[in-house]
Structures are given as C-alpha cells and as structure tokens.
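Worksheet: one structure, shown below.
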Amino acid sequence: MKRALITGITGQDGMYLGELLVSKGYEVYGLVRGQNNPKLEIVRALLPSVKLLFGDLTDLSSLLRALDVSRPDEIYNLGAISFVAYSWENASLTTDVTGKGALNILEATRLHSGDDLGRIRFYQASSSEMFGKVQEVPQKESTLLWPRSPYGVAKVFAHYMTINYRESYGMHASSGLLFNHESPRRGPEFVTRKVSQAVARIALGKQDKIVMGNLDASRDWGFAGDYVEAMWLMLQQDQADDYVISTGETHTIHELLDVAFHHVGIDDWRPLVEQDPAFMRPAEVDLLVGDPTKAATVLGWKPKVGFEQLVTMMVESDLAEQKSLA
Ligand code: GDP
Numbered sequence: 000m001k002r003a004l005i006t007g008i009t010g011q012d013g014m015y016l017g018e019l020l021v022s023k024g025y026e027v028y029g030l031v032r033g034q035n036n037p038k039l040e041i042v043r044a045l046l047p048s049v050k051l052l053f054g055d056l057t058d059l060s061s062l063l064r065a066l067d068v069s070r071p072d073e074i075y076n077l078g079a080i081s082f083v084a085y086s087w088e089n090a091s092l093t094t095d096v097t098g099k100g101a102l103n104i105l106e107a108t109r110l111h112s113g114d115d116l117g118r119i120r121f122y123q124a125s126s127s128e129m130f131g132k133v134q135e136v137p138q139k140e141s142t143l144l145w146p147r148s149p150y151g152v153a154k155v156f157a158h159y160m161t162i163n164y165r166e167s168y169g170m171h172a173s174s175g176l177l178f179n180h181e182s183p184r185r186g187p188e189f190v191t192r193k194v195s196q197a198v199a200r201i202a203l204g205k206q207d208k209i210v211m212g213n214l215d216a217s218r219d220w221g222f223a224g225d226y227v228e229a230m231w232l233m234l235q236q237d238q239a240d241d242y243v244i245s246t247g248e249t250h251t252i253h254e255l256l257d258v259a260f261h262h263v264g265i266d267d268w269r270p271l272v273e274q275d276p277a278f279m280r281p282a283e284v285d286l287l288v289g290d291p292t293k294a295a296t297v298l299g300w301k302p303k304v305g306f307e308q309l310v311t312m313m314v315e316s317d318l319a320e321q322k323s324l325a
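So the sequence shown is residues 0 to 325, counted in numbering that gives the first Met the number 0.
Written as structure tokens, this is what we have:
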C-alpha cells in the first residue's frame, strides 16, 4: 500500500486529491494547521480514513515530525495562502507560507530521506498566477514568468526551489502550473463561487444583487476534480518534470455571469450586478490561457468538465445548499 502526505488537506484541492488517493488504495495523511481549524470537521466527515497530522509549513521541525509519522512515498504540497487579493494585504505572511513554506517541506523531505532521496516523489502546486503579465499567449512551461502579485512572486520562488531540488539533489520533484480550477468546494472569496452562491441566493429571493470587481478580466477555468488527477499522474512518471494544467480556453467574468444567471432563468443580469473598486486588483493579470499540450502528450491528461458544465454544477450545488439552510 502506497502512502501519501498532503499539505493543505483542508483546501479544495486537498479534499479532491484525498478522495482520489483513497479510491486508489493509498494510505493518506493530511497536514492540518492551527489550534482550532474550522475546516477540520469537514475533512473528518468527508475523508474518515485520512489520518490528520498537526503541523505548519512555516515550522520545519513540525514537518520533519509529520514525515517521520507518515513515511510517505508521495508528498503533495498544496498548502498555501492562496487568495491573490489577500496577498497584497499580507505580502510578508504570504511569502513565508506560500514561498518559504515550500522550501521548508522540500528541505524536510531531503533531511528525512537521508541517502534515499530518490524514493520520495514530490509535487509542488505551482500556479498560472506566476505568468501574471503574460509574455506570450497561450502560456506554456517555457513561458517567461512575470508575477503580478505577492502571491505570484511567492509561487515563483517555490516553483524554482522545486526545480532546484530536482536538479541539485536528484529529487523526484515535479511542479504543476495549474490554471484556475474551481468546484462547489471553492472558497466563496474566489469569483466563480462568489457568483454561484450569489446567483443561487438571488434565484431563491434571499439576496437582491451582487457587488463585483473587474468584469473584463478573463481566466482559463477548469474543474478541480480533473486537475488533481494530473497531480497524481505527474508523480507516476519515471522522470519528474513541470506541466501546465489548463483547459486551453479563456472566458471573461461577463461570460461567467451569463452562464450562471441563465441557469436560473435570468438573462438580463445587468440590473442585479454592481461594480465596486474595492474588488479591483492593484494589478491585474489579463489574458491567462494555458497550453496543456505537454500534459496531454506525456501524461495522457485531458480535462473532462467544460466551462458551462462547471458553472452550472456550482450553481446547482449552491441552490441545494441555500435551500437546505432555508
Ligand atoms: P485568481 O485568479 O486566483 O485571482 O482568482 P479569483 O477568482 O479571485 O479572481 C479571478 C478574476 O476575477 C480576477 O481577475 C478578479 O479581478 C476578477 N474579479 C472580478 N470581480 C471579482 C470579485 O468580486 N471577487 C473576486 N475574487 N474576483 C473578482
């Protein structure tokens, strides 16, 4: 039985990956942070067989302890401060957790494995936000990185550290440059879930309007459940490498609103949407669209859920949730 350690098990991707690895027969360990983590109960209910360990990416000795207990064959570093807008308010903390946290888990892995570093396979959750002010369209593995937020800068540090541990120590360390990926489990601070939740509430008469930021921004949005498959596939390859994971399609916030409102029978959503500069970014990444050719060719990976299906799935889930709250 293979063993895996997931940092960030309480996040959207951690939960989908936990489910995937449990279904493949892995013994799964999840690293949980904090004294009173509110998401702990959700993970316990969803993934009862996953063993939870307490530790923090900013605390090297806690990571060494987690590795000693879990003795993983595969490590998935999904833990991070992941909300771009928040990263401007907390740039230093984001750097410590999202950036240096990745170095800590890489270094803990190296120290833990001693002479047998080749045994452990490591996945780093890199991000399309690293492309920022995009230098070519679509973005691929070789595209020059130009991050436009403290979050993006921290992810670039973690990405190159992962490559450096691979090149310097021969570690089987892969990095997935994942474009935005969403699901009903996405946090409500992200735009897709903010919209699906608000549209469900408006349809049920619980809310009058939604206040948004930049409606012209566009993203390459995929389904998180598809994207965790790509993470696992990367660690099954003989050679560690870096892969762009994306749909190759881009959609604007306008289109997101179109599909979400249309699903509840509202075609003219303009009177229901206000814009507020409070939701605008100091710098925007405008044309994020990834080229997933390498992942398709080498990993045999393709996204299964398209944009409309993703948005309607999220609206349906929020309708059900809002109805259950009555
Ligand atoms: P990100 O790509 O990781 O920053 O994911 P988000 O879901 O937070 O944001 C995606 C895009 O939606 C960004 O370009 C935002 O500027 C834009 N956007 C427009 N209105 C909003 C809003 O009300 N909330 C959020 N989070 N993003 C918004």
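All C-beta atoms, glycine included, are put in the ideal place defined by N, C-alpha and C.
Can you give me the Cβ contacts of residue i inside the same chain, cut-off strictly under 6 Å, excluding the 5 residues immediately before and after it?
i              : result
arginine 43    : none
isoleucine 252 : Leu214, Ala216
tyrosine 25    : Lys1, Ala3
serine 148     : Val83, Ser86
glycine 131    : Trp145, Pro146, Arg147, Gly151, Val284
glycine 247    : Pro291
threonine 311  : His262
What are the partner residues of residue i, as DSSP defines its beta bridges?
i             : result
histidine 171 : Arg120
histidine 180 : Gly221
glutamate 73  : Ala3, Arg120
threonine 251 : Ser217
glycine 289   : Gln138
serine 126    : Leu177
List the endpoints of the continuous beta strand (DSSP E) containing residue i.
i                : result
valine 243       : 241-244
phenylalanine 53 : 50-53
valine 27        : 26-31
methionine 211   : 209-211
Beta-carbon within less than 8 Å of residue i's beta-carbon, same chain only, minus the 5 sequence neighbours each way: which residues are those?
i              : result
glycine 17     : Ile5, Ile8, Val27, Gly29, Val42, Leu45, Leu46, Val49
leucine 286    : Val133, Val136, Ser217, Thr249
isoleucine 162 : Ala172, Ser174, Asp241
alanine 229    : Gly175, Leu177, Tyr242, Ile244, Ala294, Leu298, Trp300
asparagine 103 : Leu56, Thr57, Asp58, Leu59, Leu62
methionine 279 : Gly212, Asn213
alanine 223    : Gln11, Asp12, Tyr15, His180, Glu181, Ser182, Arg184, Arg185
methionine 170 : Leu105, Thr108, Arg109, Leu116, Gly117, Ile119, Phe121, Tyr164, Ala239
glutamate 334  : This structure cannot speak to residue 334, because the chain is shown only from 0 to 325.
Output the distance between the C-alpha atoms of residue i and residue j, rounded to the nearest integer angstrom.
i                 : j              : result
lysine 23         : tryptophan 231 : 10 Å
glycine 33        : aspartate 267  : 44 Å
arginine 192      : glutamate 88   : 21 Å
arginine 118      : valine 227     : 22 Å
leucine 52        : valine 31      : 6 Å
valine 194        : serine 86      : 21 Å
proline 146       : glutamate 128  : 6 Å
glutamate 140     : threonine 296  : 13 Å
aspartate 290     : glutamine 138  : 6 Å
tyrosine 150      : valine 83      : 6 Å
threonine 257     : alanine 282    : For the record, residue 257 in the displayed sequence is aspartate; it is not threonine. Computed Cα separation, rounded: 25 Å.
arginine 70       : leucine 324    : 41 Å
phenylalanine 189 : arginine 165   : 32 Å
alanine 101       : leucine 77     : 9 Å
lysine 322        : glutamine 206  : 13 Å
valine 383        : arginine 109   : Look at the range of the chain in this structure, 0 to 325, and you will see that residue 383 is not part of it.
proline 319       : serine 112     : The residue asked about is misnamed: residue 319 is alanine in this sequence, not proline. Straight-line Cα distance between these residues: approximately 46 Å.
tryptophan 220    : proline 302    : 10 Å
valine 96         : proline 187    : 21 Å
What residue does the alpha helix (DSSP H) around residue i start on, and which one ends it?
i                 : result
glutamine 196     : 190-202
isoleucine 104    : 100-112
valine 272        : Valine 272 -> not in any alpha helix (DSSP H); beta strand (DSSP E) instead, spanning 272-274.
leucine 20        : 11-22
phenylalanine 306 : 306-324
threonine 94      : Taken as a continuous stretch (DSSP letters only), threonine 94 belongs to no alpha helix (DSSP H), as it is neither H nor E.
isoleucine 41     : 39-45
serine 86         : 83-88
Excluding the 5 residues preceding and the 5 following residue i in the sequence, name in chain order all residues of the same chain whose CB lies nearer than 7 Å to its CB.
i           : result
valine 263  : Val198, Ala202, Val314
leucine 234 : Glu73, Arg120, Tyr122, Ser173
lysine 38   : Thr9
alanine 107 : Leu59, Leu62, Leu63, Leu66
So is residue i in contact with chain D if we call contact Cβ pairs under 9 Å?
i             : result
aspartate 225 : Protein chains in the displayed structure number just one, and chain D is not present.
Taking 8 Å as the line, does the beta carbon of residue i fall inside it for any heavy atom of ligand 3?
i              : result
isoleucine 244 : In terms of ligand content, the structure shown lacks ligand 3 and carries ligand 1 instead.
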